[in-house]
Amino acid sequence: MSDLNSAMTERYHNSFLKEVEANVEEGEWVKMCMQCGVCAGSCPLGNAWEHTPQKLFMMIRAGKREAVLSSDAMWMCTSCYNCIARCPRGLPITHIMHGLAHYAKRLGLVPKNQPTAQFSQIFWDNLMKKGRVNELKLGLAIYFKDGFGQGIKNALANKQLGQNMMKAKRMNAMEFFGGHSIKDTGGLQKMIKKAQEIEDAKIQGNS
Amino acid sequence: MAKKEVSYYPGCSSQTGASSSNMMRATQTMCDELDIQLNEIPDWNCCGASIGYGGGGELPRLTLSARNIALSEQHNPGQEIVATCAACWLSTREAKERLHEDANMFRDANTALNEINLKLNNQTPVRHMVEVLVEDIGFEAIKAKVKKPLQGLKIASYVGCQTNRPFGIAEESFENPVYLDHLIESVGADSIPTYEKKVQCCGGALAFSEPEKSQEMIHGIIEAAYDHGADLIATPCPLCQANVEIYQDQINARFGSKFNMPVVYYSQLMSVAFGRNSKDSALDGQIIRAKSLEEIAGK
Amino acid sequence: MSDEKKFAGYICTGCGIGERLDSSQLEMIATREGKMQSCKQHEMLCSSEGVQMIRDDISSEGASHIMIAACSRRAKVEAFNFPEVAMTRANLREGVIWVRPDAPEHQETTQEMADDYIRMACAELRSLKLPHASGEQSLNKTILVVGGGITGMTAALESAAAGYPVHIVEKQGALGGQAAGYAKAIPTRSPYKEPRDTGVAEMIAAIEASGLITVHLNSTVAKTAGAPGRFNVDIATESGAVSNETFGAIIQATGFKLYDPSNLQQYGYSSSPDIVTNAELEKLVKAAAGGPVKRPSDGKEVKAVAFVQNVGQSSSEEGQLSYHSGIGDLIAIKQAMYFKDQNSDCDTTILFNNLRTPGAAGEDFYRAGQEKMITFSKAQVSEVVPGDSLEVKFQDLILDEETSMQADLVVLDVGMMPNSGPDPYAVPIVIDEKAEAASETPRAPTVTVDSILNLDYRQGTDLPHLKNGFTDSHFICFPYETRRTGIYAAGPLRRPMDMRQAQDDAAGAAMKAIQAAENAGKGMAAHPRAGDLSFPSFRMDGCTQCKRCTVECPFGAINEDEKGYPLFNESRCRRCGTCMGACPVRVISFENYSVESVNQQIKNVEVPEEFDEKPRILVLACENDAYPALDQAGMNGVEINPWARVIPVRCLGSVSLSWITDSLNSGYDGIVLMGCAKGDDYQCHFVRGSAMAHERMDKVGDTLSSLNLEPERVVVYEVAITDIERAPKLINDMAETVEKIGLSPFKF
Ligand code: SF4
Ligand code: SF4
Ligand code: SF4
Ligand code: SF4
Ligand code: SF4
Ligand code: SF4
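Sequence lines, in order, name chains G, X and F.
Note that the numbering used here has the first sequence beginning at 896, numbered continuously upward.
Note that the numbering used here has the second sequence beginning at 96, numbered continuously upward.
Note that the numbering used here has the third sequence beginning at 12, numbered continuously upward.
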């Protein structure tokens, strides 16, 4: 258990709902769900979800902390916003899914090898380095995320795709050696670091 | 028509050499024709898209967009921010609204921006290019510009998710927006009003991390277009375009289908209809060539 | 004006009538066959000029009976309002030209239709008298309210506010009813976020301050005799003293009682004092007086409370309520807020299955509860296990798992049951020769409850029920209106409802009671023929004491005298004519509606000879729903078969079997009867009229077979006012039937 995780467990021993309210993006909305199930029925990857958003909200209210945070359900969100458009109670469900995912990551509870969690982290790191996303590096990083052997396999599987993209000049192999970047990467990093500090302090304070 | 100047936020995927660079080129052509001047936000950064959440928390992500808005306010004052990428538009507009509603968050974002001597006023409207077309230019004006109507082409309008939800285009329904059909008709092609996969999710960023699940959805999107006799699919979203176009080989392998359906941006349709050549219309950027459009462009 | 009858006819040629029909022929029929002493045409009879013409004839020419051939009797009622004369109307517009195609090949049959309607209107007119009030009436403005809860107090205050004196009879020693025991009430005003004060104290103060309201506490109604305008009521106090008062009208607001969950073992109600009903919780909260709620067993502060919803409700199981009270979930939200507002850390869980939050407050109040962090769990509770900490076992219906929770106090949401008196018709009346003797006296009620009104009526001591013990009142169309004229039901006696709804209900019932008292004073009918002065008269020398009228009258208007003759109570009567339709010897009639007045219409239709191949179809249509539906059909240009002749009737219940027999005998080929919906979801404006008619018509089969006629020739339908397409179709279907089975052999 990560330190933060134990601290949080300690602090909110009895109310996971309160923990979510205080620490998860848009978490204060969870209590407003009326369990109609519209989100569950609207979710494009619904069948693949271990728990639908509706259930996740119910589980939060029922105090099922571990089950929620170590679930890979919220990592299945494609950000299609169907649920938000339809929720009769106006819950920002998509954001809560992102928020839960992020909070689980912060506490170190993400299931091992969750592909979207890994992709998401790689994407962010990629972005943090240059200020813009470098799609080729992003792609390669994903292929090699499971280690080299699997990476070759993945890359081979997508080789045709990569060649097609290069032919159409939509993926520049040169990108790998430099590629796009903003000018003020240092500034951007400084700015984000500050934002992260503020956010961390808030959550530490809550712990 | 008086020249319209906008503060342009192209987004990562539209950079030269990136997956949606062709959209950028066709957008430029379309805007030339419609007398819209695109003033790129200097040194814009990535918006974090809808997948950055794993790494970045709420405030860092909002701050990313805040930087872009602040830069726009500083360098392109008085101009609306216009994005062509659905995810860019969504993240930026979401950030603008969230920072507007939440005073603490606004304060914290400005504290972070202060590190690089930027200040967010958050007074700038954030719009999608389609809003500019539909609301400011209008279908009639677009029609009037058409030199080579796309006669006889049957085009499935695939609006996708993020151009449509949660904000969408004013007056349109989430379940069946019709502006893209109107655009298609404005350039002389036939729309498919009953195309049932119009707002189906393509998997978005999960096309990378959950390819099987996403490709199943993409398969449905393309199959329905074939069922309706579509010649091509048009979309306003770069991620939709990429996802629906580039995985067709893999989908064919997975599902035993024989898909070869061109997927283009609305801006490519418009460039061709406005009489511009294949190159200006970025038809060379297609992985699955849109031969019917090339023919019209070549005439 | 002399007593001499003078008949005047008027034919309007406006609205296309003149173009479509030969009006001089109509005029000739009116004078020659219809025996109108004069007949005038006008191109727009409803214009002030046309109306003035009629008025002049009444005042200077002494016209006492007028026949207006123009639009439907339901149109232009303001213009053609001549209360000083008897009047009939021939429906040439909606009834003829608007339902027939304007084409030369239809001209002949269309004209024949119009000719007949003139004959019918003239014939009807000749058998009408101008109705006069009986002179029996008395005006008594005092209203009796039985029950001093929220509903009763509101009814009393509303009546008093309108200037009517009121007596409240309350069984308990204080006013306030159930609500007096509540800590707070569900909010009634935006933003609907916080429970509100019950308002009971203010209402009691207002009643005490009112000079018009007399309160009888610890009292019951020992006897109610008489009729609207002259109810004679004995009020008995606990001590045994009886006082007698007279009233113009009565409002019964006896409220509800709560379902007793003792028999539902699984909830453990009898096994722990910490398992309480929602009403009992209110008392605990009141006792806490703003401090933390203490549980009954050991006085420990309640830190976790579970609300078990829908206990013994919407259930198909024996001994439970088949319906849901509707407001239990709002009550639970309110009660959970008691705990949250006192201590936001108190765990409050509402275990619901289907959360119902009706009304204006509903959704907002639900949200407010969620904002206060009340936990809502969709659950099916299987057991409450008593103990120091109570264990509530349930199936989580979202997470689909058996689970349980601990609580210091468990609150059971039990349903509302009406505080009705015994149902006089606990077993439905069967109008059947053999069963008749049995139904002579009302059956014993299935549940033994004390009478509330102790009505001295032949038809039983209390208001009839509809189902589940709730008082019969058609809650969409005629709320508060019971089956005992001048006695109105309000509040949870009619259906489960909350305080706000009960107050609205009470205000409505008060207005109805005032109207009933006033109308009774003028000798006029109450709803739905409010203002009608006619009433049934009984030609007693012909009466065979068969008692059908007494039994069939839906409103208990007729008692019996010592010899078994009907004893009519005018102001209890709604003027539906059900008694008239029931009487086998036809001795009951109204001045403006009788067996004869309809029979004359039937007879005066020209029935063509068989070889003319022009059938005649008699349509007897209830004037409340079916006739308006046919008018609407005309307005919408829906065609009606030209063989049809439509006669409006007050209620299908007023249809005399003799009309059927006579018309079959005189050569009609088919008969279509149209009344309102009957049964539990009735729309019949006279509650049981349509049902009675259906039962009576069961016997028409005998008549038909004795005449050797096909049974298909007579059909009875339930028709709603919205059946604009269907009603004409039913008539047209009969025309097809006749075509199939052939014309009646009874033509002369
Ligand atoms: S936004 Fe996420 S949670 Fe909502 S419907 Fe789409 S995939 Fe499901
Ligand atoms: S749609 Fe909204 S209210 Fe309904 S279950 Fe989902 S989150 Fe809850
Ligand atoms: S409304 Fe009636 S009375 Fe008036 S002109 Fe028309 S048919 Fe005649
Ligand atoms: S349709 Fe009949 S029952 Fe319904 S409101 Fe109208 S009159 Fe009443
Ligand atoms: S049946 Fe109708 S008309 Fe006859 S007494 Fe009863 S209420 Fe009056
Ligand atoms: S129904 Fe007729 S005959 Fe029978 S009791 Fe009544 S009045 Fe007399």
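C-beta: ideal position from N, C-alpha, C; glycine also.
Since the model is a prediction, treat every value here as computed from it, not as a measurement.
Practice item. Answer yes or no: does any C-beta atom of chain G fall closer than 9 Å to that of residue 409/F? Key: Output row for residue 409/F: interface = yes.
Practice item. Please indicate yes or no: does the CB of residue 558/F lie closer than 8 Å to some heavy atom of ligand 6? Key: Checking the Cβ of residue 558/F against ligand 6 gives yes.
Check your understanding: Does the distance from the CB of residue 548/F to the CB of residue 586/F come in under 9 Å?
Key -> Between residue 548/F and residue 586/F, the gap from beta carbon to beta carbon reaches 9 Å or more.
Practice item. Measuring alpha carbon to alpha carbon, tell me which of 939/G, 1090/G and 952/G ends up nearest residue 973/G. Key: Distances from the alpha-carbon of residue 973/G to those of 939/G, 1090/G and 952/G put 939/G closest.
Practice item. Determine whether the Cβ of residue 312/X lies closer than 9 Å to any Cβ atom of chain G. Key: Judged by the 9 Å Cβ criterion, residue 312/X is in contact with chain G.
Point to revise | Cutoff 9 Å: residue 1103/G Cβ touching any chain X Cβ | key: The question about residue 1103/G has no answer here: the residues shown for chain G are numbered 896 through 1102.
Review point. Do you know how far the Cα of residue 499/F is from the Cα of residue 395/F?
Key: Each residue's alpha carbon lies about 42 Å from the other.
Review point. Using a C-beta to C-beta distance shorter than 9 Å, which residues of chain G count as neighbours of residue 346/X?
Key: Chain order gives no chain G residues near residue 346/X, where near means a beta carbon separation below 9 Å; the closest approach is about 11 Å.
Review point. Quick one: which chain X residues come within Cβ less than 9 Å of residue 977/G?
Key: Ordered by position in chain X, the residues that pass the 9 Å Cβ test against residue 977/G are 256, 260, 269, 294 and 296.
Exercise for review: Kindly indicate which three-state DSSP category residue 1013/G falls into: helix, strand or coil?
Suggested key: It is helical.
**Study point:** Residue(s) in a DSSP beta bridge with residue 103/F
**Key:** For residue 103/F, which the question treats as bridged, DSSP gives no partner whatsoever.
Exercise for review: Please confirm whether any heavy atom of ligand 3 lies closer than 8 Å to the CB of residue 78/F.
Suggested key: If you check the C-beta of residue 78/F against ligand 3, you find no heavy atom less than 8 Å away.
Practice item. For residue 948/G, name the three-state secondary structure that DSSP assigns. Key: The answer is helix: DSSP assigns residue 948/G an H, G or I state.
Check your understanding: Which partner residues does residue 402/F have in the DSSP bridge list?
Key -> Residue 402/F has 396/F and 417/F as its beta-bridge partners, per DSSP.
**Study point:** C-alpha gap between residue 379/F and residue 162/F, whole angstroms
**Key:** Inter-residue distance for residue 379/F and residue 162/F is about 27 Å (C-alpha atoms, whole angstroms).
Practice item. Would you verify that the beta carbon of residue 1002/G is, or is not, closer than 9 Å to some beta carbon of chain X? Key: No, its Cβ sits nowhere closer than 9 Å to a Cβ of chain X.
Review point. Which residues of chain F have a Cβ atom closer than 9 Å to the Cβ of residue 969/G, listed in chain order?
Key: Think of a sphere of 9 Å around the beta carbon of residue 969/G: no beta carbon from chain F falls inside it, the nearest being about 16 Å out.
Exercise for review: Flag residue 311/F as yes if its beta-carbon sits less than 9 Å from any beta-carbon of chain G, otherwise no.
Suggested key: Closer than 9 Å: no.
Point to revise | Nearest-angstrom Cβ-Cβ length linking residue 81/F and residue 104/F, presumed shorter than 8 Å | key: Residue 81/F to residue 104/F, Cβ: 6 Å. Contact.
Practice item. Considering only heavy atoms of ligand 2, list every residue whose Cβ is less than 7 Å from one of them, following chain order. Key: Counting only beta-carbon distances shorter than 7 Å to the non-hydrogen atoms of ligand 2, the qualifying residues in chain order are 928/G, 929/G, 930/G, 931/G, 932/G, 933/G, 934/G, 935/G, 948/G, 949/G, 952/G, 978/G, 981/G, 982/G, 983/G, 984/G, 986/G and 988/G.
Exercise for review: Compute every distance between the C-beta of residue 591/F and the non-hydrogen atoms of ligand 5, then say whether any falls below 8 Å.
Suggested key: Shortest gap from the CB of residue 591/F to any heavy atom of ligand 5: under 8 Å.
Check your understanding: If we ignore side chains and look at the alpha-carbon of each, how far apart do residue 229/F and residue 952/G end up?
Key -> In a straight line, the C-alpha of residue 229/F is about 53 Å away from that of residue 952/G.
Review point. Mapping DSSP to helix, strand and coil, what is residue 911/G?
Key: DSSP places residue 911/G in helix when its eight states are reduced to three.
Exercise for review: Can you give me, in chain order, the residues of the segment 136-148 of chain X that have a beta carbon less than 8 Å from any beta carbon in chain G?
Suggested key: Cβ contacts with chain G: 138, 139, 140, 141, 143, 144, 145, 146, 147 and 148.
Exercise for review: For the beta strand (DSSP E) containing residue 43/F, list its first residue and its last residue.
Suggested key: DSSP places residue 43/F outside any beta strand (DSSP E), giving it a letter other than H or E.
Exercise for review: Let me know the secondary structure DSSP gives residue 243/F once reduced to three states.
Suggested key: Strand at residue 243/F.
Exercise for review: Look at the alpha carbon of residue 138/F and the alpha carbon of residue 174/F, and state the distance between them as a whole number of angstroms.
Suggested key: If you take the alpha carbons of residue 138/F and residue 174/F, they lie about 42 Å apart.
Point to revise | Closer than 8 Å: residue 87/F CB and nearest ligand 3 heavy atom | key: At least one heavy atom of ligand 3 is found less than 8 Å from the C-beta of residue 87/F.
Review point. Nearest CA to the CA of residue 902/G: which residue from 967/G, 1001/G and 966/G?
Key: Residue 902/G has its Cα closest to that of 1001/G, out of 967/G, 1001/G and 966/G.
Review point. Quick one: complete beta strand (DSSP E) runs, 3+ long, within the segment 694-743 of chain F?
Key: Whole beta strand (DSSP E) segments, 3+ residues: 725-729.
Point to revise | Coil, strand or helix - residue 358/F by DSSP | key: If DSSP states are grouped into helix, strand and coil, residue 358/F belongs with the strands.
Point to revise | Continuous alpha helix (DSSP H) stretch holding residue 524/F: start and end | key: Unbroken alpha helix (DSSP H) run through residue 524/F: 510-533.
Check your understanding: Measuring CB to CB, does residue 197/X end up less than 9 Å from residue 249/X?
Key -> Cβ distance not < 9 Å, so residue 197/X and residue 249/X don't count as in contact.
Exercise for review: Could you tell me if the beta carbon of residue 297/X falls within a distance shorter than 8 Å of some heavy atom in ligand 1?
Suggested key: No, the beta carbon of residue 297/X sits no closer than 8 Å to any heavy atom of ligand 1.
Review point. Within this structure, are the beta carbons of residue 238/X and residue 273/X separated by less than 9 Å?
Key: Taking 9 Å as the cut-off, the Cβ atoms of residue 238/X and residue 273/X do not count as close.
Check your understanding: Looking at residue 947/G and residue 934/G, is the spacing between their C-beta atoms short of 9 Å?
Key -> Going by C-beta atoms, residue 934/G is nearer than 9 Å to residue 947/G.
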